[in-house]
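A.B. asks:
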Amino acid sequence: MQLNINDKTVTLDVDPDMPLLWFLRDVMNLTGTKFGCGVAACGACTVHINGQAVRSCVTPVGSVIGANIQTIESLGTPEKPHPLQVAWIAEQVPQCGYCQSGMLMAAADLLARKPKPTDADIDAAMTNICRCGTYQRVRAAIHRAAGEAL
Amino acid sequence: MNRRTMLLSTLGAAGALIVGWGAMPARSRIGKPQDMLVGEGDIALNGWISIAQDGTVGLAMHRSEMGQGVQNALTMLVAEELDTPMQQIVLHQAGFDSIYGNVALFMGALPFHPVVNEGEKPLVMKTGEWLVGKIARELGINATGGSASIADSWENLRYVAAMAKASLLMAAAKQWQLPIEELKVVEGKITHASGKSGHFGEFAKQAAGQKPTQIVLKQAKDWIVIGQETKRADIPPKTDGSAIFGLDVRLPKMVYATVIHAPMMGGKIAQFDEKQSIPGVLQLVALKSHAGSANGFAVVAQTTWAARRAADSVKVQWVAPATAGIDTTLILEQLQAKLKTDSGFAFYATGDVKKAQEGAQQIIEANYKAPYLAHATLEPMNCTVQVKDGQVDVWVPTQIPGLVRALAAKIANVPIDKVNVQVTYLGGGFGRRLELDFVAQAVQVAMAMNGQPVQLNWSREQDMANDFYRPMHAAVLKASINAQGSVDSLSVKSAGDAITPRWMARVSIPLAGPIDAPDKNASEGLFDLPYGFAHQQMAHVFTHMGVPVGYWRSVGHSHNAFFSESFIDELAHATKQDPLAFRESLLKDAPRYLAVLQLAAKKANWGSPLPNGHAQGIALHESFGSIVAEVVEASIENGQPRVHRVVCAIDCGIVVNPNTVEQQMQSAIHFGLTAALYGKIDIKDGVVQQNNFTNYQMVQMAQSPVVETWIMPSSRSPSGVGEPALPPLAPALSNALFSLTGKRLRELPLMV
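Chain order of the listed sequences is A and B.
In this text, residue positions in the first sequence follow the working numbering: the first is 1, and each later residue adds one.
In this text, residue positions in the second sequence follow the working numbering: the first is 1001, and each later residue adds one.
Here it is as structure tokens:
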């Protein structure tokens, strides 16, 4: 059984029931994806599976065999950051920063589907919890990134 | 006990210590080069600043970054006085000397009335500040909290940076054989008009031996960094997953531990076999209670998930406490009974309230209440520890690293210098990480692991059920209206648990005494109102209800502002006055408050027409030395309050970074909004009823208002920013809802 994580092939040798979140964090040491609630309520664990935003804390690793899994670590590169990452820095979005990986992954999925999202689109897609209250800047950064070519 | 006696008894917790010691000069916070932990080849110039061979500046970072942008702001202070670009300054975690303690935090705990003391400070206040300042410097407790970091470091960090610059210039003058007056620092390099230029590393060795005598700080007009919207260095790593929080620490051979606490408050393990065999479990550890931690056990496994899954199979018997199970409904009843029977401790009194109320034309009285609240930091409690060869290494997101170190040493039974503490980024603090319960657990588990490092982490459910909650409080507020139709007296009696004595005992601060000193936190936001009522009396009835209580962002202000500012609104309506005009009429002796109130009202176009179904509410509140006014525009959508816009004005003295001030206004307003709309912890028969974000709801994007921040220009020293925007939110919202519905809400969360 093989997984495709951030364009690398990984052999799965754990219980297929293990949530993808813990496989990423504790087996792969990809710690950018965060644990917040364990019940898909906060979105801190959001990753992309075949390009779609998914909450990895309730996704068994055995259910994503062969799928294309992308984490925050592969959203952009230092040379070519994702437009959202550029916008996030320009708008100085993060505070404590713990929810921000999930926010960015959810926003990247939104922009891929709707390159020019409205405020209502953002309200509907961005259901991640931020305890620091960065929502206003998250919204501004999404609009800013949407103004640039993806 | 009156206020003055209380103050002295608080300060004199170490009574005899004050005599004689009181005459000694205050402990310097400049520090010695050896206080600073420097890198290979670096040279420390004092306890804060070091120079690397390539001219890079090292700064001892003594405060935890939990989102508030403190590391950016503190770096700015050094960049300013050292004339060095921020990018040239590298942060090193500060050591454990008392110079890194937070003196301003303890000063903020003094129960002085901010308006009464706005001008020349009376002797009792000067004495109190002097004594507490001295005690705090001796204790040297490194804590990030009380919105006090900038206030605490404002003078000292600029001073040590200016001192470092002077030393470097002296060294360069000697080395180049040039008059020192002809040298200056430009962009982090020492330069001369001849074109000669050199980086700090070239002069560091000689600079270390210099003793500059005259240190002059820059004047405000010469600032080029302070007041600028500089970019936070912690933000890029928070956009690519590379920032390391406590849960992201990874060490060779590290294993994971999860904790199961007693399911009922005060419950204990009755029967538990550490040797029972559970597949996948590497170790079971029965946890002793330390630092206020609940009783429980830890399960160690190769991954967090394996540990959590195995925990379900562990056989354990719990025993409930002998006392009846804690019930928050009963606690509320008890608080209200206490308000009737107990006179409480008087935090403030002026004029003659009794007489005013006896001769009143009309009395207005109202009961207010606020529930227990969990912190719910998004990163649950965790701590990573390795105990090996008599050495204890701790990696932890904490607001109190020095106390972490002391407790780890005590539990592991090693000398304190055998404990190293590495502070990671904090995935939220809000006061929860001023506690040590999870540290105590992690050290105990690591001690059972034969040198193997272990990361102990809690599930969300354990985190929510084992918090140190914001205490439930209730208050009765009473005002009299005289024959002329104006409000001439205000009396407030509140009831609820004290936090500080419980906390000091838990974290082992040597000020914890055999009797509780009255905790100012309980009455802050009630006894210290700016309004000029002729007769005032504010008292608090201290209780001890058995629920673990702790500091929650803005502490007593978080509920007391709801009580006081809602009641002020009630008084405005009762006397048929506009809530803004009513407040203005009472602020004649508090010009700074008046200015902030009017700024918010003006920017919000107070009183001008709004969309159908929308209404405004206003509130004004001082906390942590800063004055904040907020105007909330709200409506009711689907039977729920909906906040559209919050206009926020703040006077926080001199602003170091306006961008982070704006961030903190947005942050505290959202934190306050979540509490105002949803926040409530219920306990039934000792069991916390809320267990995750599904039933302890948070504001999300769709409920998030637009926050507009306006900063009052000021030349006063900086005051708090992380918390002060929180208290006015709930009353401003509640006041707006009253305008919409005509129904006064006197209980949090707000139910329309």
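Beta carbons are placed, not taken as given, at the ideal position from N, Cα and C, and that holds for glycine.
Do you know offhand how far A/Leu104's Cα is from A/Leu84's?
C.D. replies: Sequence index remark: in the first sequence, residue 104 of chain A carries index 104 (1-based). Sequence index remark: in the first sequence, residue 84 of chain A carries index 84 (1-based). If I take the Cα positions, the gap works out to 7 Å.
A.B. asks: Between A/Gly51 and chain B, is there a C-beta pair that is closer than 8 Å?
C.D. replies: Start at 1 with the first residue of the first sequence, and residue 51 of chain A comes out as number 51. Closer than 8 Å: no.
A.B. asks: Could you run through the segment 114-135 of chain A and flag, in chain order, every residue whose CB is less than 8 Å away from some CB of chain B?
C.D. replies: Correct list: Ile122, Asp123, Ala124, Met126, Thr127, Asn128, Ile129, Cys130, Arg131, Cys132, Gly133, Thr134, Tyr135.
A.B. asks: Find the residues of chain B that neighbour A/Ala44, judging by a C-beta separation of less than 8 Å, and give them in chain order.
C.D. replies: The residue labelled residue 44 of chain A in the question sits at position 44 within the first sequence. Within 8 Å Cβ-Cβ: Leu1378.
A.B. asks: Can you tell me the Cα-Cα spacing of A/Ala140 and A/Val93, whole angstroms?
C.D. replies: Here residue 140 of chain A corresponds to residue number 140 of the first sequence, with the count starting at 1. Here residue 93 of chain A corresponds to residue number 93 of the first sequence, with the count starting at 1. Each residue's Cα considered, the two are about 9 Å apart.
A.B. asks: Quick check: what's the CA-CA separation for B/Leu1251 versus B/Pro1453?
C.D. replies: Working through the second sequence from its first residue, we reach residue 1251 of chain B at position 251. Working through the second sequence from its first residue, we reach residue 1453 of chain B at position 453. Between B/Leu1251 and B/Pro1453, the C-alpha separation is close to 7 Å.
A.B. asks: Candidates A/Ala125, A/Asp7, A/Arg55: which alpha carbon is nearest A/Thr33's?
C.D. replies: To locate residue 33 of chain A, count along the first sequence from 1; it is residue 33. Nearest option by C-alpha distance: A/Arg55.
A.B. asks: Residues of chain A with CB closer than 9 Å to the CB of B/Leu1426, please, in chain order.
C.D. replies: In the second sequence, the residue the question calls residue 1426 of chain B occupies position 426. Result: Cys96, Tyr98.
A.B. asks: Could you have a look at B/Tyr1256 and say whether DSSP puts it in helix, strand or coil?
C.D. replies: By 1-based counting over the second sequence, the position of residue 1256 of chain B is 256. In this structure, B/Tyr1256 counts as strand in the three-state DSSP scheme.
A.B. asks: Return the Cβ separation of B/Leu1426 and B/Met1066 in integer angstroms, given the expectation that the two are a contact with Cβ distance under 8 Å.
C.D. replies: Here the question's residue 1426 of chain B lines up with position 426 in the second sequence. Here the question's residue 1066 of chain B lines up with position 66 in the second sequence. With a Cβ gap of about 4 Å, B/Leu1426 and B/Met1066 count as contacting.
A.B. asks: Flag this pair as yes or no: are the beta carbons of A/Gln136 and B/Val1707 separated by less than 8 Å?
C.D. replies: Along the first sequence, read from residue 1 onward, the residue named residue 136 of chain A stands at position 136. Along the second sequence, read from residue 1 onward, the residue named residue 1707 of chain B stands at position 707. Contact: yes.
A.B. asks: State the start and end residues of the unbroken beta strand (DSSP E) segment that holds B/Ile1711.
C.D. replies: Here residue 1711 of chain B is taken as the residue at index 711 of the second sequence, counted from 1. Start and end: 1706-1711.
A.B. asks: With a cut-off of 8 Å on the beta carbons, I'd call B/Phe1430 and B/Thr1377 a contact; round off their distance for me.
C.D. replies: Here residue 1430 of chain B refers to the residue found at position 430 when the second sequence is read from its first residue. Here residue 1377 of chain B refers to the residue found at position 377 when the second sequence is read from its first residue. With 8 Å as the limit, B/Phe1430 and B/Thr1377 qualify as a contact, their Cβ atoms being about 6 Å apart.
A.B. asks: Using a threshold of 8 Å, state whether the C-beta atoms of B/Ile1650 and B/Val1632 are closer than that.
C.D. replies: Locating residue 1650 of chain B in the second sequence gives position 650, counting from the first residue. Locating residue 1632 of chain B in the second sequence gives position 632, counting from the first residue. No, the Cβ-Cβ distance between B/Ile1650 and B/Val1632 is not below 8 Å.
A.B. asks: Do B/Thr1258 and B/Ala1298 count as a contact pair if the criterion is CB distance below 8 Å?
C.D. replies: Translated into the one-based positions of the second sequence, residue 1298 of chain B becomes position 298. Translated into the one-based positions of the second sequence, residue 1258 of chain B becomes position 258. Cβ atoms of B/Ala1298 and B/Thr1258: closer than 8 Å.
A.B. asks: Starting from A/Asp26, find everything on chain B with Cβ-Cβ shorter than 8 Å and list it in chain order.
C.D. replies: Here residue 26 of chain A refers to the residue found at position 26 of the first sequence. The answer, in chain order, is Tyr1256, Gln1302, Thr1303, Thr1304, Trp1305.
A.B. asks: Straight-line CA distance for B/Thr1010 to B/Leu1131?
C.D. replies: As a working mapping, residue 1010 of chain B is identified with position 10 in the second sequence. As a working mapping, residue 1131 of chain B is identified with position 131 in the second sequence. The predicted model places B/Thr1010 with a pLDDT of 45, which falls under 50 and marks its position as unreliable, so this point remains unresolved.
A.B. asks: Grouping DSSP H, G and I as helix and E and B as strand, with all else coil, what is B/Cys1648?
C.D. replies: For the purposes of this step, residue 1648 of chain B is taken as the residue at position 648 of the second sequence. DSSP places B/Cys1648 in strand when its eight states are reduced to three.
A.B. asks: With H, G and I counted as helix, E and B as strand and the rest as coil, what does DSSP make of B/Trp1458?
C.D. replies: For the purposes of this step, residue 1458 of chain B is identified with residue 458 of the second sequence, where counting begins at 1. Three-state result, B/Trp1458: coil.
A.B. asks: Closer than 8 Å, CB to CB, is A/Glu79 near chain B or not?
C.D. replies: As a working mapping, residue 79 of chain A is identified with position 79 in the first sequence. No, no contact with chain B.
A.B. asks: Looking at the secondary structure, which residues open and close the beta strand (DSSP E) in which B/Asp1393 lies?
C.D. replies: As a working note, residue 1393 of chain B is residue 393 in the second sequence. Here the beta strand (DSSP E) through B/Asp1393 covers 1391-1396.
A.B. asks: Quick check on DSSP: helix, strand or coil for A/Asp109?
C.D. replies: Translated into the one-based positions of the first sequence, residue 109 of chain A becomes position 109. A/Asp109: helix per DSSP, three-state reduction.
A.B. asks: By the three-class DSSP mapping on this structure, what secondary structure does A/Asn6 have?
C.D. replies: Numbered from its first residue, the first sequence carries residue 6 of chain A at position 6. If DSSP states are grouped into helix, strand and coil, A/Asn6 belongs with coil.
A.B. asks: Count Cβ pairs between the segment 1392-1410 of chain B and the segment 1347-1364 of chain B that sit closer than 8 Å; are there 3 or more?
C.D. replies: The segment 1392-1410 of chain B vs the segment 1347-1364 of chain B: no contact.
A.B. asks: Counting contacts by CB-CB distance shorter than 8 Å, is A/Asn29 in contact with chain B?
C.D. replies: Walking along the first sequence from the start, residue 29 of chain A turns up at place 29. Chain B contact via Cβ: present.
A.B. asks: In angstroms with no decimal places, state the Cα-to-Cα distance between B/Val1070 and B/Leu1082.
C.D. replies: Reading the second sequence from its first residue, position 70 is the one you call residue 1070 of chain B. Reading the second sequence from its first residue, position 82 is the one you call residue 1082 of chain B. B/Val1070 and B/Leu1082: Cα-Cα distance of roughly 18 Å.
A.B. asks: Under a three-way DSSP split, which group does A/Cys99 fall into?
C.D. replies: For the purposes of this step, residue 99 of chain A is identified with residue 99 of the first sequence, where counting begins at 1. Note: A/Cys99 maps to coil in three-state DSSP.
A.B. asks: Taking C-alpha atoms, which residue in B/Ala1164, B/Ile1278, B/Phe1671, B/Gln1484 lies nearest to B/Gln1703?
C.D. replies: Taking the first residue of the second sequence as 1, we reach residue 1703 of chain B at position 703. Here the closest residue by C-alpha is B/Phe1671.
A.B. asks: Is it right to say A/Arg113 is buried, meaning 16 or more other beta carbons lie within 10 angstroms of its own, or is it exposed?
C.D. replies: Numbered from its first residue, the first sequence carries residue 113 of chain A at position 113. Exposed, by the Cβ-count rule.
A.B. asks: Could you tell me whether the Cβ of A/Gly66 comes closer than 8 Å to any Cβ of chain B?
C.D. replies: If you number the first sequence from 1, residue 66 of chain A lands on position 66. No, A/Gly66 lies away from the interface with chain B (no Cβ there is under 8 Å from its Cβ).
A.B. asks: Looking at chain B, is there any beta carbon in it that lies within less than 8 Å of the beta carbon of A/Ala107?
C.D. replies: For the purposes of this step, residue 107 of chain A is taken as the residue at position 107 of the first sequence. Chain B contact via Cβ: absent.
A.B. asks: Short check: CB of B/Ala1539 to CB of B/Gly1344, under 8 Å?
C.D. replies: As a first step, residue 1539 of chain B must be located in the second sequence, where it is residue number 539. As a first step, residue 1344 of chain B must be located in the second sequence, where it is residue number 344. Closer than 8 Å, so yes.
A.B. asks: Evaluate B/Pro1731 with the Cβ neighbour count: other Cβ atoms within 10 Å of its Cβ, from every protein chain shown; 16 or more gives buried, anything less gives exposed.
C.D. replies: Here residue 1731 of chain B refers to the residue found at position 731 of the second sequence. When all chains shown are included, B/Pro1731 counts as buried.
A.B. asks: Please report the residue range of the alpha helix (DSSP H) in which B/Trp1503 lies.
C.D. replies: As a working note, residue 1503 of chain B is residue 503 in the second sequence. 1500-1507 is the span of the alpha helix (DSSP H), which, as asked, contains B/Trp1503.
A.B. asks: For the putative contact between A/Ile49 and A/Met28, defined by C-beta atoms under 8 Å, what is the C-beta separation to the nearest angstrom?
C.D. replies: For the purposes of this step, residue 49 of chain A is identified with residue 49 of the first sequence, where counting begins at 1. For the purposes of this step, residue 28 of chain A is identified with residue 28 of the first sequence, where counting begins at 1. Not quite, the Cβ-Cβ distance comes to about 15 Å (not below 8 Å), so this is no contact.
A.B. asks: Taking the straight line between their C-alpha atoms, what separation do you get for B/Leu1017 and B/Ala1412?
C.D. replies: Start at 1 with the first residue of the second sequence, and residue 1017 of chain B comes out as number 17. Start at 1 with the first residue of the second sequence, and residue 1412 of chain B comes out as number 412. Annotation note: pLDDT 40 at B/Leu1017 (below 50); position unreliable, no value reported.
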